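Asks: Below is one structure. I have some questions about it.
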Amino acid sequence: MIAVNLDVVLAQRKMTLTQLSREVGVTVVNLSLLKTGKAKGVRFSTLDKICQALDCQPGDLLEWRPDPRP
C-alpha cells in the first residue's frame, strides 16, 4: 500500500493545510483526502506544486508499505 506522509512534512515545515492550499491552488478538501490516504490518485502537476511549496521530494510525501492484510 502507498502511505501519504503529507501531515509529517507539513508539521516539519510548520505549515497548515490551509496555507498549502493557498500556495498550490488545490482545495483544502482535496489536500485533506490526499493527507488521509483516501485520494484515489494524484496528478503529477499537483505533486510538483506540493513539492515546490514544501521544498521536498515526492519520496518525502509517498511511501510504500507492505499491505497489513494477509
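All letters in the sequence shown, in the order written, are residues 175 to 244 by the working numbering.
By construction, the Cβ of each residue, glycine as well, lies at the ideal position given by its N, Cα and C atoms.
The model shown is predicted, which means the values in this text are computed figures rather than measured ones.
According to DSSP, simplified to helix, strand and coil, what is A227?
Replies: Counting from 1 along the sequence shown, the entry for residue 227 is found at position 53. The answer is helix: DSSP assigns A227 an H, G or I state.
Asks: So the alpha helix (DSSP H) A185 belongs to, where does it begin and stop?
Replies: In the sequence shown, the residue the question calls residue 185 occupies position 11. Start and end: L180 to R187.
Asks: Between which two residues does the alpha helix (DSSP H) harbouring R196 extend?
Replies: To locate residue 196, count along the sequence shown from 1; it is residue 22. Unbroken alpha helix (DSSP H) run through R196: L191 to V198.
Asks: Need the endpoints of the alpha helix (DSSP H) that K214 sits in, please.
Replies: Taking the sequence shown and counting its residues from 1, one reaches residue 214 at position 40. Looking at the DSSP string, K214 is not in any alpha helix (DSSP H), and its letter there is neither H nor E.
Asks: Going by C-alpha distance, which of L236, P242, K212 and T210 is nearest F218?
Replies: Within the sequence shown, the letter at position 44 stands for residue 218. The candidate whose alpha carbon is nearest that of F218 is L236.
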